[in-house]
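Heads up, the sequence shown is in the numbering used here, so the first residue is 36 and it goes up one at a time.
Note that beta-carbon positions come from the ideal geometry of N, C-alpha and C, so glycine has one too.
This report refers to the structure that appears directly beneath it.
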Amino acid sequence: MDLLRILIAILLPPLGVFLQVGIGKHFWINILLTLLGYIPGIVHAVWIIAKK
Numbered sequence: 036m037d038l039l040r041i042l043i044a045i046l047l048p049p050l051g052v053f054l055q056v057g058i059g060k061h062f063w064i065n066i067l068l069t070l071l072g073y074i075p076g077i078v079h080a081v082w083i084i085a086k087k
């Protein structure tokens, strides 16, 4: 299941974080990072998914 979440995180980083932790601070941080740059959003999303 984590592999699927990582693939989703590469395509849509906020969705990957949402599937892992729901709507919380990490979700909003990821939206901000994705808006500032796509790559930081991906890195943050993969980090959140791999951390759990």
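Residue nearest to residue i in terms of C-alpha spacing, selected from the options
i, options, result
"LEU47", "ILE74, LYS87, LYS60", "ILE74"
Whole-number beta carbon distance between residue j and residue i, since they are thought to touch under 8 angstroms
i, j, result
"ALA80", "VAL52", "5 angstroms"
Coarse secondary structure for residue i, derived from DSSP in three states
i, result
"ILE58", "coil"
"LEU38", "helix"
"ILE72", "Correcting the residue identity first, residue 72 is Gly in this sequence and not Ile. Coil."
"LEU47", "coil"
"LYS86", "helix"
Chain B contact for residue i (CB, 7 angstroms cutoff)
i, result
"ALA80", "This model lacks chain B altogether, as it is built from one protein chain only."
Residues near residue i by beta carbon distance below 7 angstroms, same chain, minus five either side
i, result
"ILE45", "ILE77"
"ILE66", "PRO49"
6 angstroms Cβ shell around residue i - same chain, five flanking residues per side excluded
i, result
"LEU50", "ILE43"
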